[in-house]
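Numbering (my numbering), first residue to last: 219 to 602.
Where a beta carbon is used, it is the ideal one built from N, C-alpha and C, also for glycine.
If you want it as structure tokens, here you go:
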């Protein structure tokens with residue numbers, strides 16, 4: 219697999235953002251969101267020292283970074299200018315003065331600029347530089363439709379998400395703890411990634427992670443890992459995610475250690491059918507909220523309406539959860555190149571939760587499932 223992205227891919231991204239700037243009649247766009255900065259070519263950890271990219275309407279890219287990050291920024295071929303500010307309180311070290319001087323020197327005075335995210339303090343300073351500042355993310359629309367190179371990263375990531383589930387499944391037995399299982403799953407998966415990928419690069423969050431609720435805690439959709447010990451005849455959900463070059467996927471499976479009761483089997487089957495229904499409905503031209511409505515209506519028709527806790531799915535890419543959402547109110551029309559999770563769940567407090575999740579690539583020919591771990595009931599049962 220290619221190590222990172224080609225310069226042609228980065229130029230495509232910059233040109234896409236430039237075209238959107240021109241369509242909106244802006245002078246330029248200011249990029250502060252860490253994931254947008256990463257998307258446009260610069261990895262850094264989003265701490266207290268901001269990195270700012272300014273993209274002019276002619277495609278010129280300016281980077282303003284803290285001095286400690288400047289050496290990395292200067293390695294990015296498509297950054298036309300890189301300016302460093304000092305991380306101290308001495309005269310001449312102000313970030314916003316540095317930004318103003320950099321933009322003015324490169325492209326002259328500008329007024330109409332969109333910024334993707336901003337807090338009130340920063341907004342006050344930015345308005346002094348760009349009098350007609352608006353808050354609008356002109357980068358994220360380019361991230362929604364994945365390119366061929368992005369799809370390759372997502373496919374690799376999906377394979378490692380599958381690996382985590384497979385490793386976890388071999389560990390499941392009475393007496394294991396959630397945290398112990400999590401630690402061994404991550405270690406084995408990251409070791410495999412290092413062996414096969416070498417230079418594993420990822421945005422903050424790590425190359426692999428998981429939620430591993432057991433027993434009644436499976437009824438909590440986002441139960442944080444604990445020291446709880448798995449008991450005989452209990453469920454355990456392995457909610458696993460990998461990250462290759464910043465691109466995140468997830469594979470989630472609901473396992474039963476021992477024999478599931480008839481009530482568990484029934485709820486599991488409704489969840490499984492709902493998840494498959496969602497995947498089949500993720501076709502080009504479909505509307506996101508219509509899929510959610512049909513899937514949740516099916517769950518309600520089977521008598522589990524009181525146990526629905528969340529939407530059917532969400533977009534996936536650089537972030538764990540990103541638009542579009544397979545949810546009521548999201549009227550996005552699905553297009554080829556979009557990536558979604560399919561994960562309708564049923565959560566019965568005091569009993570169990572039931573959720574599978576897969577990553578779906580919507581191609582020209584329809585939905586393609588990138589995560590491939592088995593999900594039928596027989597594959598989920600681990601005999602005692």
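Taking the beta strand (DSSP E) that residue i falls in, what are its first and last residues?
i, result
"residue 466", "465–475"
"residue 382", "That residue, residue 382, is in no beta strand (DSSP E); its alpha helix (DSSP H) goes 366–389."
"residue 580", "576–581"
Using the Cβ count rule (16 or more neighbours within 10 Å means buried), how would you classify residue i?
i, result
"residue 425", "buried"
"residue 551", "exposed"
"residue 521", "exposed"
"residue 581", "exposed"
"residue 332", "buried"
"residue 503", "exposed"
"residue 436", "buried"
"residue 496", "buried"
"residue 233", "exposed"
"residue 442", "exposed"
"residue 570", "buried"
"residue 589", "buried"
Cβ of residue i less than 9 Å from any chain C Cβ?
i, result
"residue 467", "No chain C is part of this structure, which consists of one protein chain only."
Could you compute how far the alpha carbon of residue i sits from the alpha carbon of residue j?
i, j, result
"residue 346", "residue 508", "44 Å"
"residue 537", "residue 427", "13 Å"
"residue 452", "residue 380", "22 Å"
"residue 516", "residue 444", "33 Å"
"residue 518", "residue 398", "36 Å"
"residue 353", "residue 301", "24 Å"
"residue 256", "residue 335", "15 Å"
"residue 438", "residue 562", "14 Å"
"residue 591", "residue 457", "12 Å"
"residue 239", "residue 273", "9 Å"
"residue 362", "residue 355", "12 Å"
"residue 324", "residue 306", "25 Å"
Alpha carbons only, please: which of the options is nearest the one belonging to residue i?
i, options, result
"residue 291", "311, 261, 447 and 477", "261"
"residue 285", "273, 545 and 267", "267"
"residue 340", "365, 312, 328 and 320", "312"
"residue 276", "542, 245, 269 and 512", "245"
"residue 467", "483, 336, 254 and 377", "377"
"residue 434", "317, 305, 322 and 564", "564"
"residue 287", "542, 270 and 469", "270"
"residue 557", "535, 567 and 303", "535"
"residue 386", "471, 364, 463 and 514", "471"
"residue 498", "513, 487 and 484", "513"
"residue 278", "252, 298, 585 and 265", "298"
"residue 395", "479, 459, 364 and 454", "454"
"residue 594", "568, 526, 488 and 555", "488"
Might you give, ordered along the chain, the residues of its own chain that have their beta carbon closer than 6 Å to the beta carbon of residue i, omitting 5 neighbours on each side?
i, result
"residue 465", "371, 372 and 375"
"residue 542", "506, 533, 548 and 550"
Between which two residues does the alpha helix (DSSP H) carrying residue i extend?
i, result
"residue 457", "From DSSP, residue 457 is part of no alpha helix (DSSP H) but of the beta strand (DSSP E) over 452–462."
"residue 503", "Taken as a continuous stretch (DSSP letters only), residue 503 belongs to no alpha helix (DSSP H), as it is neither H nor E."
"residue 398", "396–415"
For residue i, which residues from the same chain have a beta carbon less than 7 Å from its beta carbon, with the 5 sequence-adjacent residues on both sides left out?
i, result
"residue 217", "Given that the chain is displayed from residue 219 to residue 602, the structure contains no residue 217 and the question cannot be resolved."
"residue 546", "507, 510 and 511"
Give me, in chain order, the residues of the same chain whose beta-carbon lies closer than 8 Å to that of residue i; leave out the 5 immediate sequence neighbours on both sides.
i, result
"residue 450", "392, 475, 476 and 602"
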